[in-house]
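The structure under discussion appears below in the form of C-alpha cells.
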Amino acid sequence: MRMRRIAFKVVTPDLRSLGLRKNPTIVTYPLGCWISSPKKQVQHADAGGIWSAQKLSGARTLVKYMLRNHNLRCRVFRAEIDGVVRENSYRVQSKRIRLLSEIPVLT
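Residues in the sequence shown are numbered consecutively from 52, following the working numbering.
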C-alpha cells in the first residue's frame with residue numbers, strides 16, 4: 052500500500068489553475084476527483100505536471116503574490132498527490148492530484 056502524500060494547491064476562485072510562468076494549459080480541478088496532468092511528463096522541464104506547494108506557508112505566499120501582482124484572490128486546498136515527477140524545497144510537481152478540503156486563507 053502506498054502512503055498518501057499531501058500538498059497544498061492554490062487555484063482561482065472558480066477552481067482553475069493559475070497559469071503561472073505563461074503556462075497555456077489551464078486545468079479546472081473538481082473537488083474530490085483525481086485529475087491527471089494534460090501534458091506529457093518531461094524530466095527537467097516545465098512541460099507537464101501539476102505544481103503544488105509542499106507546505107501551507109508556501110501556498111499562503113503564492114496567494115499573497117497573486118493578490119499583490121495580479122489582483123486575484125485565490126483559494127487553497129489540501130490535496131493528495133500521486134506520481135511525483137520532481138520537487139524542491141517549496142514546490143512539488145506530480146502526475147495527478149485530488150483536492151480534498153479548502154483551507155481558509157486570510158489576506
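Virtual Cβ for every residue (Gly too), placed ideally from N, Cα, C.
Please read all numbers here as calculations on a predicted model, not as lab measurements.
For the alpha helix (DSSP H) containing residue i, list its first residue and its last residue.
i: K73; result: That residue, K73, is in no alpha helix (DSSP H); it is neither H nor E in DSSP.
i: V114; result: 107-121
The beta strand (DSSP E) with residue i in it runs from where to where?
i: R129; result: 126-138
i: S88; result: Here S88 belongs to no beta strand (DSSP E), and DSSP marks it neither H nor E.
i: V143; result: 142-154
Could you check the C-alpha separation between residue i and residue j for me, to the nearest Å?
i: L69; j: R55; result: 25 Å
i: L123; j: P64; result: 9 Å
i: W102; j: I154; result: 18 Å
i: V159; j: L150; result: Only positions 52 to 158 of the chain appear in the structure, and residue 159 is not among them; the question remains open.
i: R111; j: S152; result: 15 Å
In chain order, what residues of the same chain have a beta carbon less than 7 Å from the beta carbon of residue i, not counting five sequence neighbours either side?
i: V114; result: V61, C125, V127, V156, T158
i: Q92; result: Its pLDDT being 48, under 50, Q92 is placed unreliably in this model, and the value from its coordinates should be taken loosely. Taken in chain order, the residues that qualify are G99, G100, V136, K146.
i: A58; result: S103, A104, Q105, A130, I132, V143
i: S88; result: G99, G100, I101, K146, R147
Can you name the residues that DSSP bridges to residue i?
i: R56; result: I132
I need the DSSP call for residue i, collapsed to helix, strand or coil.
i: L82; result: strand
i: S103; result: strand
Going along the chain, which residues of its own chain have a beta-carbon closer than 8 Å to the beta-carbon of residue i, five neighbours each way excluded?
i: I148; result: A58, K60, Y80, W85, I86, I101, S103, A130, E131, I132, D133
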